Each structure stands twice: as C-alpha cells, then as structure tokens.
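Engineer: Please see the structure below; I have some questions.
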DNA sequence: CTGAAAGCGCTTACAG
DNA sequence: CTGAAAGCGCTTACAG
C-alpha cells in the first residue's frame, strides 16, 4: 500500500522508491525498472498528504470569491485556474455566501489546510480579517478588488475611471436621468459611485440620490431595482448597472413593464461577460479585461510562490463595449 | 508553531493540547484554559495536513465536472457544496476542459490527494477510467449522468423520458420540423435522442437526421447550430436545444437572422436554469430539479462517507417549464 | 548510485 | 484526568 511495501517487494529502500517516484535523483535503470514494475502491478497511488507534510507545501492555492456576479467571477477563476493548473497547483474554492464572518472562516480553513497561496476576490472590512491578511505568511493577491490599507498586490481595473467613462458614455447619448445600481459601502462600489458623480458634475447635471439604488449583483436584484424605480415613480432614461448580471435583470424587467430599450431607457452593464452578447437587445457594457485579470493574478501569485516579492498594484485597461441597449 | 511548542509553553503534554483542540476527551478546566490562552497568544493555526495523515481522512470531496453548461453544473455544485460544507467537508473542484484523458488525470489527482469521496458529473467511456472507477475504494456518486455498466449510485433525471416529453410538448404546439441540438456519442445525449425519436414516431412524423445537430452545450454552439441550419437550408419550425445555454445562443441567432420566436421558430431548452426567465423572450424548457439533484447527490455521498452502502439510482422528476419561446 | 534513519505535526491506544 | 510513546507515509541530508 505504501512506499514501504513497494520497497520491500522491489528489494530496494524506501529512499529509492521515493526517488524514482519523484525523479529527484538519478537511480540506476535496473532498480528503476523493478520499482516501476511493482508500482504498476500493485496499483500504487502516491500519498500526497504525507508528501505535503514533509515538504511543507501542498501545491494548493486557496480562492475566496463571492457568490454574486457568478459569470464574471467564474471567468476570472477559469483563466486563473488554467495557469495555476499548468504550474502544478490545484485550487480550493471558497464561495462566500453571506457576510464578512464567512470570509473569516474560509481564511481560517485555508490556512489550516496549509494552502501555499491565495487569490482573494471578495472584499472585506472586518478588522480581524484585515489583521490576519496583513500578517499573512503566504502570498496573497487581491483580484478585481481593492482593500485600502493593505499592502498586498492587486490586479484590477480603475473602477473610478471605468464608472466615470461609462457614465460619460450614457451622457454622450443624451441621457440625463441615469439610475445607478450597485452595492454600496464597499471600496469597489463606492469608487464607481464617485466616478459617476464626477461625470455628472462635469456635465452640469445635479446629483440625485434617489437614482442610486442598492443591488446585490444578481439578475434578480437588477430586476428588483427597476421595480423600485417604477414603483417610486422616479423618472429615469438610463440605467447603469454595475454588473452585467444585474443589467440582464434590468432589461428583463424594463421589457416586462413595456419600456423600450434603448428608446425609453438605455441600459449599460459592467464587466463584459459573454452573456451580454446573447441578450436581446445586446448589452452595452463597461468591459473589464477578464481574461487578463485572471491570468495575471495567477501569474503574479506563481511568481510570489517562487519567492519573488510583490506589493505592486496592477491596473488593467477597461473599455466601453457597445451594444444595442445604448444607442 | 506546532502543537509541541504550545504544549511546552502551557506545561502540558501534546496529547492534552490535541485533546482541547479537538474536544475528543475531557480535559480539566484549568489545563484547558492554559492551553487556550497559549494558543490565542501565539496565534497557533492547526495543521490539518498532519491531522489528515494520521486520521486517514482529509474531509475533502472531489468534484469532477465539465466546463460546459456552466450555469447548470454550477448550480448543482452550489447546492451540493452547501450540504457538504455544512457537514464539515471542503470540495476540490476539477473542471474538465477537453477530452477523456483529462478525466483520467483528475481522477489520479484526487486519489493521490486522498479525497474521502467524489461527485462525478462528467461522463467518460475511457476503459482505463472505468476500470479505476469500478475498483474505487472511496464512495463516488454519479450526478446528472449515467455510466452504464458501473454499479455506482446515481442521482439524475430520466433523460429519455424528459426528451420525449419535451418533444411531445413541441409537437402539441403544431411543430413538425423540430431540430435537435446536443452532444452525441454520450449516454445522456443518446438517451435524449431516443426520446425525441420515439415521440416523433408516435406522432407519425418521419425522423430526419439532417435535423440532428451536434452542439457543445455552450451559448456559442447554439448560435452556430442555427447558422448551420440556415446555411444548409434545412427547414425547421422549432429548435429543441439540449441545454438552456445552447437555447440562449439559438434564440440570439434566430433573432439576428430576422426570425420571430416563436412565430417562425419555437425554442425549447433543457435544464431550467434561472437565466431562462431573464431572456427575451423567456425560455420554455425541460426543467431538471437542479437543487434536488445537488442536495441529494451530496446527501447520498455523505451517507456513504458514514459507512452506508449504496448502488441505488435515484431518478428525480423533470417537468416542462413554459415560456414565451414556445406558444 | 543506494540505504538507514531522522523528522514533518499531529492522534490515540495504553498506562498510570 | 494526563502523559510518554508509537505511528501515519513520505523526503532527504548524511554516510558509504
């Protein structure tokens, strides 16, 4: 079953078995053949948990991500995983369902399981978690998020600028009453709100807080936001949803309420997931370089896993992706 | 750093530290307090890989799933994970990108990492893999799939019947030329094809193989299937896409080609993911009990992890979920 | 090139 | 109730 049995049956030492298994040292062809033969015949399966214990390395990376904007996060994960897997790492995914408390427990979980590094895609302001992150012994890269005051490397876009550009885009289409749907109280959302405000101010349009609607970055919450706007009789000629998934919900609800898109209401999304090209109408959106974010986050982590230091923030370019929802 | 340091500092044995850590045996309040104090002060983090080695249990479940029909598989994963997590298990996700070879290597990976059990959502016909699955020492439950000849427990719907019912539904809406898009050569797809054929035969409609289009269960491939049908001038008044994601691609392409849905072409999906209610028009679909599949698969696995035997196949009921894409 | 032995950080019979 | 010690399945200096 174990290396010991293999060794005995092949008439060699466990050291030799270990060496042919890992190719760490030269082993004579004869012994190699003998060992391999026994391994094959016995159907021996190496025990990586024992291996991890002595190496103090699990070849596992922890990934903490929120359960909203699934298509966006999933795509980042997909690209990051591809790189990590190629480098011999597996990934332990933690999907944060609810509150900050949950980030805490996932962090503990990953640490107890001795992941070699972490990709963090979920913001938190929990001071205890922040403290833990700060004195983390393992490399961590923040992906798509910014946790101010933490000197960890980041890979993301400039959310302020992106929202500013998105808002400008809507303004350039003669929109005056732009509802903004997003999650407030977090760094990313708040920065985007600032970008929106700045663009409005520059256009000489007064900020109206009744147009700022809280959303949970799900299709359903996009739909609810529109319901709210209409129920409260808040006039609006555009919706800027801070995730494409919310935008999908927004469009569905608008159509259901008999509104034309974009004739009555223009809709602009955020993220640039594939789905936006398959909706009817197609979705204009502020596009994040999703693939690049995933790849670069993984590569950055790998570099750190290989001993490189990094605190650098990598800001990737966003762009406006046109669609029939804004015209 | 380790339990040994904690023990020394608290003036107790490592056994005692282990006991208060795990609550496995009664420890006097005084020692307990002392140990806890040191643990807290030192910020000790338990090492679960060492723990796993001696316990021969990793509290990890492996999940092998395809990278297509992501929203469907993701939802099953979501529900299964919820149950598993509650029971103290974490899950190691393997997302199969390409061929059968890849299932093989993921299987090896999971076995080497000593997962306690596995949920398999990806079909395979690779004989070596089949052999490995057959003599698996750990519990495995097949989820949403059927691998004939393997006496492993399954949780899924009756794919034959579901496709039969879906086809009947389209037929009852006076559709005569129903294109079927799916993946052939696999158990699930082939069964659905049989259901389709039977329904057609019962309705006295001759089977036309030019209406059977291969697809990869992605939005893009749904779109391509429609392009193919139109390019080849194959007349059709309905499309039965064997995943909702393909159906979304189908609808997008139909609209783009100026076809009315359902006036010119009715579209029926398969799976019943949330997105179908957010498309325009809303998607009629053959609905799988996704939540139940996920939950029951996880519960079944947990039961086996607790020593229960099971080879039972659990067939869950499907249903037709109406939508404006079929009227 | 190969092997004996120590050690990775825990858990748990076994004694006391 | 508590502790000394063996052992989980590996890797790797250290000798030879």
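Chains as they are written, first to last, in the working numbering: chain A, 1 to 327; chain B, 1001 to 1327.
Beta carbons: idealized from backbone N, C-alpha and C, even for Gly.
Quick caveat: nothing in here was measured; it's all calculated off a predicted structure.
Can you find a CB in chain B that lies within less than 8 angstroms of the CB of residue 86 of chain A?
Structural biologist: Not closer than 8 angstroms to any Cβ of chain B, the Cβ of residue 86 of chain A fails to qualify, so no.
Engineer: Between which two residues does the alpha helix (DSSP H) holding residue 1068 of chain B run?
Structural biologist: It is not in any alpha helix (DSSP H) - residue 1068 of chain B carries neither H nor E in the DSSP assignment.
Engineer: Using a Cβ-Cβ cut-off of less than 7 angstroms, list which residues of the segment 1040-1057 of chain B approach chain A; keep chain order.
Structural biologist: For the segment 1040-1057 of chain B, which is checked against every Cβ of chain A, the residues closer than 7 angstroms are 1045, 1046, 1047, 1048, 1049, 1050, 1052, 1053.
Engineer: Can you tell me where the alpha helix (DSSP H) with residue 4 of chain A in it begins and where it stops?
Structural biologist: Looking at the DSSP string, the run of the alpha helix (DSSP H) that includes residue 4 of chain A is 3-10.
Engineer: What is the rounded straight-line gap between the Cα of residue 257 of chain A and the Cα of residue 264 of chain A?
Structural biologist: Their Cα atoms are separated by approximately 11 angstroms.
Engineer: Please report whether the beta-carbon of residue 95 of chain A lies at a distance below 8 angstroms from any beta-carbon of chain B.
Structural biologist: So yes, residue 95 of chain A belongs to the interface.
Engineer: Quick one: which chain A residues come within Cβ less than 8 angstroms of residue 1113 of chain B?
Structural biologist: Those are 48, 49, 90, listed as they occur along chain A.
Engineer: In this structure, how does DSSP classify residue 155 of chain A when only helix, strand and coil are distinguished?
Structural biologist: Strand.
Engineer: What separation, rounded to the nearest whole angstrom, lies between the Cα atoms of residue 1061 of chain B and residue 1039 of chain B?
Structural biologist: Their backbone Cα atoms lie some 29 angstroms apart in a straight line.
Engineer: Does the contact criterion of 3 or more C-beta pairs under 8 angstroms hold for the segment 206-218 of chain A versus the segment 139-150 of chain A?
Structural biologist: No, they do not touch.
Engineer: Going by alpha carbons, who is nearest to residue 285 of chain A out of A/23, A/147, A/170?
Structural biologist: Here the closest residue by C-alpha is A/170.
Engineer: Tell me, please, whether the CB atom of residue 1155 of chain B is closer than 8 angstroms to any CB atom in chain A?
Structural biologist: False, the Cβ-Cβ gap to chain A never drops below 8 angstroms.
Engineer: Any idea which residues DSSP pairs residue 313 of chain A with across the strands?
Structural biologist: Paired residues: A/154.
Engineer: Compute the beta-carbon to beta-carbon distance between residue 1160 of chain B and residue 1194 of chain B, rounded to the nearest angstrom, for a pair I have assumed lies under 8 angstroms.
Structural biologist: Confirmed, about 6 angstroms.
Engineer: Give the C-beta separation of residue 351 of chain A and residue 15 of chain A to the nearest angstrom, bearing in mind that I take them to be a contact with Cβ-Cβ under 8 angstroms.
Structural biologist: This structure cannot speak to residue 351 of chain A, because chain A is shown only from 1 to 327.
Engineer: Does the separation of the CB atoms of residue 157 of chain A and residue 316 of chain A fall below 8 angstroms?
Structural biologist: Taking 8 angstroms as the Cβ cut-off, residue 157 of chain A and residue 316 of chain A qualify as a contacting pair.
Engineer: Do the segment 144-153 of chain A and the segment 171-181 of chain A touch if we need at least three Cβ pairs shorter than 8 angstroms?
Structural biologist: Taking 8 angstroms as the limit for Cβ pairs, the verdict is that the segment 171-181 of chain A does not touch the segment 144-153 of chain A.
Engineer: DSSP three-state label for residue 1285 of chain B, please.
Structural biologist: Strand at residue 1285 of chain B.
Engineer: Extract the residue ranges of the beta strand (DSSP E) inside the segment 1244-1279 of chain B, only unbroken runs of 3 or more that lie entirely within it.
Structural biologist: The segment 1244-1279 of chain B contains these whole beta strand (DSSP E) runs: 1266-1271.
Engineer: Quick check: the Cα distance between residue 4 of chain A and residue 13 of chain A, rounded to an integer number of angstroms?
Structural biologist: Distance between the alpha carbons of residue 4 of chain A and residue 13 of chain A is about 8 angstroms.
Engineer: Below 8 angstroms on C-beta distance, what does residue 133 of chain A contact in chain B?
Structural biologist: Result: empty, since nearest Cβ-Cβ is about 13 angstroms, beyond 8 angstroms.
Engineer: By a C-beta neighbour count over all protein chains shown, 10 Å radius and 16 as the cutoff for buried, is residue 1121 of chain B buried or exposed?
Structural biologist: Buried is the call here.
Engineer: Within 8 angstroms of any Cβ in chain B, is that where the Cβ of residue 109 of chain A sits?
Structural biologist: Output row for residue 109 of chain A: interface = yes.
Engineer: Spatial neighbours of residue 1305 of chain B within its chain, please: C-beta separation below 7 angstroms, excluding the five flanking residues on both sides.
Structural biologist: Counting only Cβ-Cβ distances below 7 angstroms, and skipping sequence neighbours, we find 1116, 1117, 1139.
Engineer: Any beta carbon of chain B sitting closer than 8 angstroms to that of residue 217 of chain A?
Structural biologist: So no, residue 217 of chain A is outside the interface.
Engineer: So, for residue 1260 of chain B: in the same chain, excluding its five sequence neighbours on each side, which residues have a beta-carbon less than 7 angstroms away from its beta-carbon?
Structural biologist: The answer is none, since no qualifying residue turns up.
Engineer: Going along chain A in order, which residues have a C-beta closer than 9 angstroms to the C-beta of residue 1224 of chain B?
Structural biologist: Chain A residues near residue 1224 of chain B: none, gap ~12 angstroms exceeds 9 angstroms.
Engineer: Does chain B have any CB closer than 8 angstroms to the CB of residue 74 of chain A?
Structural biologist: At least one chain B Cβ lies under 8 angstroms of residue 74 of chain A.
Engineer: Kindly list the residues whose CB is nearer than 6 angstroms to the CB of residue 97 of chain A, restricted to its own chain and excluding five residues on each side of it in sequence; keep chain order.
Structural biologist: 67.
Engineer: Which word fits residue 1037 of chain B, buried or exposed, when buried means at least 16 other C-beta atoms lie within 10 angstroms of its C-beta?
Structural biologist: The residue is exposed, with fewer than 16 neighbouring Cβ atoms inside 10 Å.
Engineer: Which residue comes first and which comes last in the beta strand (DSSP E) that contains residue 1130 of chain B?
Structural biologist: Premise fails: residue 1130 of chain B lies in the alpha helix (DSSP H), 1127-1134, not in any beta strand (DSSP E).
Engineer: Rank A/83, A/106, A/48 by C-alpha distance to the C-alpha of residue 1111 of chain B and give the top, closest one.
Structural biologist: Closest option to residue 1111 of chain B, Cα to Cα, is A/48.
Engineer: For a cutoff of 8 angstroms on Cβ pairs, would you count residue 1193 of chain B as touching chain A?
Structural biologist: Residue 1193 of chain B does not count as touching chain A.
Engineer: Any idea if residue 1153 of chain B is buried or exposed, counting beta-carbon neighbours within 10 angstroms, 16 or more meaning buried?
Structural biologist: Answer is buried; the Cβ neighbour count reaches 16.
Engineer: Residues of the segment 1245-1270 of chain B in Cβ contact with chain A at a cutoff of 8 angstroms, in chain order, please.
Structural biologist: Cβ contacts with chain A: 1248, 1249, 1251, 1252, 1255.
Engineer: Can you list the residues of chain B that residue 70 of chain A reaches, using a CB-CB cut of under 7 angstroms?
Structural biologist: Correct list: 1074.
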